[in-house]
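Below you'll find the structure, written out as structure tokens, and then a few comments.
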Amino acid sequence: MLLSRHFSLSEMTRSVKAAQLGIQNEPATVEIGNLRTLCNSLLDPLRDALGTAIKVNSGYRCPELNRRIGGSASSQHIQGMAADIQCPGMSTMQLFQRIVEFDLPFDQMIYEAASRTAQWVHISYDPAHNRSDLRLAKFGPDGKPQSYPPISRLEALALVDPTPLRGALEYLELGDEPGLDEEVAWEGRAEMDGRRERVDAMERRHR
Ligand SMILES: [Zn+2]
1 MLLSRHFSLS EMTRSVKAAQ LGIQNEPATV EIGNLRTLCN SLLDPLRDAL
51 GTAIKVNSGY RCPELNRRIG GSASSQHIQG MAADIQCPGM STMQLFQRIV
101 EFDLPFDQMI YEAASRTAQW VHISYDPAHN RSDLRLAKFG PDGKPQSYPP
151 ISRLEALALV DPTPLRGALE YLELGDEPGL DEEVAWEGRA EMDGRRERVD
201 AMERRHR
């Protein structure tokens with residue numbers, strides 16, 4: 001089933017980890033609606049602007065899959081609002097900076113570089129409120145992200161590509177977003193209240 005001009009439901013729900021763990025990674029109607037919005041409002045325009053294919057490594061994550069890979073309980077992947085993308089032929093920093101330049105609406109975008117070869121861009125779209133929140137994932141010695149300091153648009157555009165790789169990129173399917181508490185610590189409480197309410201409602205629905 002196509003969700004948008006360029007993206008299908010199977011592409012947005014495929015998960016190597018879910019297959020390995022025997023988890024049915026199937027979104028319900030609400031999450032499919034969010035995936036549709038993510039694809040139509042963000043990924044399609046991005047694909048058109050880039051003029052080249054986008055590889056989606058992980059989109060929707062059911063709560064069980066998210067828990068097993070160590071994702072935050074407030075992960076936007078659970079809501080069908082986030083995707084981890086790479087662009088063949090482009091370094092991850094290039095992709096990250098192009099998206100900043102394109103001025104597309106997004107809620108949160110994180111540059112994720114676990115190693116020279118394992119890199120991706122985490123990007124989300126929230127139909128209720130897009131914050132244009134930019135962050136850099138800082139990976140620890142265990143190979144997992146430890147913090148997600150926010151950066152400004154100008155800081156993002158001034159970053160120097162640490163690993164200007166143009167070959168094949170790897171992908172690590174793991175928790176790759178700050179939890180709400182970490183976001184609140186960085187940004188102050190008021191801005192997060194709306195999202196916290198929606199996450200609470202979502203958790204009640206899944207209980
Ligand atoms: Zn992600």
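Its first residue numbered 1, the sequence shown is counted upward by one per residue in my numbering.
For every residue, glycine included, the Cβ atom is placed at its ideal position computed from N, Cα and C.
What you are looking at is a predicted structure, and each value in this text was computed from that prediction instead of being measured.
Hey, how far is the Cα of residue 48 from the Cα of residue 122?
Their backbone Cα atoms lie some 18 angstroms apart in a straight line.
In this structure, how does DSSP classify residue 93 when only helix, strand and coil are distinguished?
If DSSP states are grouped into helix, strand and coil, residue 93 belongs with the helices.
Taking three-plus beta-carbon pairs below 8 angstroms as touching, is the stretch 102-115 in contact with the stretch 164-182?
By the Cβ rule, the stretch 102-115 counts as touching the stretch 164-182, because three or more pairs are nearer than 8 angstroms.
Less than 7 angstroms between C-beta atoms, sequence neighbours within five positions excluded: which residues of the same chain meet that for residue 54?
If the five residues before and after residue 54 are omitted, its C-beta is found closer than 7 angstroms to the C-beta atoms of 43, 46, 47, 85 and 87, all from its own chain and listed in chain order.
Please classify residue 155 as buried or exposed, where buried requires at least 16 other C-beta atoms within 10 Å of its C-beta.
By the 10 Å Cβ count, residue 155 comes out exposed.
Whose CA, out of 145, 135, 36 and 200, lies closest to the CA of residue 159?
Nearest of 145, 135, 36 and 200 to residue 159, Cα basis: 135.
For residue 18, which option in 41, 141 and 63 has the closest C-alpha, if you only look at C-alpha atoms?
For the residues 41, 141 and 63, the minimum Cα distance to residue 18 belongs to 63.
Could you check how far apart the C-beta atoms of residue 144 and residue 71 are, in whole angstroms? I think they sit under 8 angstroms.
Contact between residue 144 and residue 71 is ruled out by a C-beta separation of about 11 angstroms, above the 8 angstroms threshold.
Given residue 33 as reference, the closest of 15, 50 and 1 once Cα atoms are compared
Cα-wise, what sits closest to residue 33 is 1.
Own chain partners of residue 80 with C-beta closer than 6 angstroms, once the 5 adjacent residues on each side are dropped:
Cβ within range, chain order: 27, 31, 34, 35 and 60.
Check whether residue 38 and residue 83 have beta carbons under 8 angstroms apart
Taking a C-beta distance under 8 angstroms as the contact criterion, residue 38 and residue 83 qualify as a contact pair.
From what residue to what residue does the beta strand (DSSP E) around residue 112 run?
Annotation: the continuous beta strand (DSSP E) that includes residue 112 extends over 108-113.
Pick from 118, 24, 148 and 16 that is closest to residue 183, judged by C-alpha positions
Of 118, 24, 148 and 16, the residue nearest in Cα terms is 148.
Span of the beta strand (DSSP E) around residue 56:
Start and end: 55-58.
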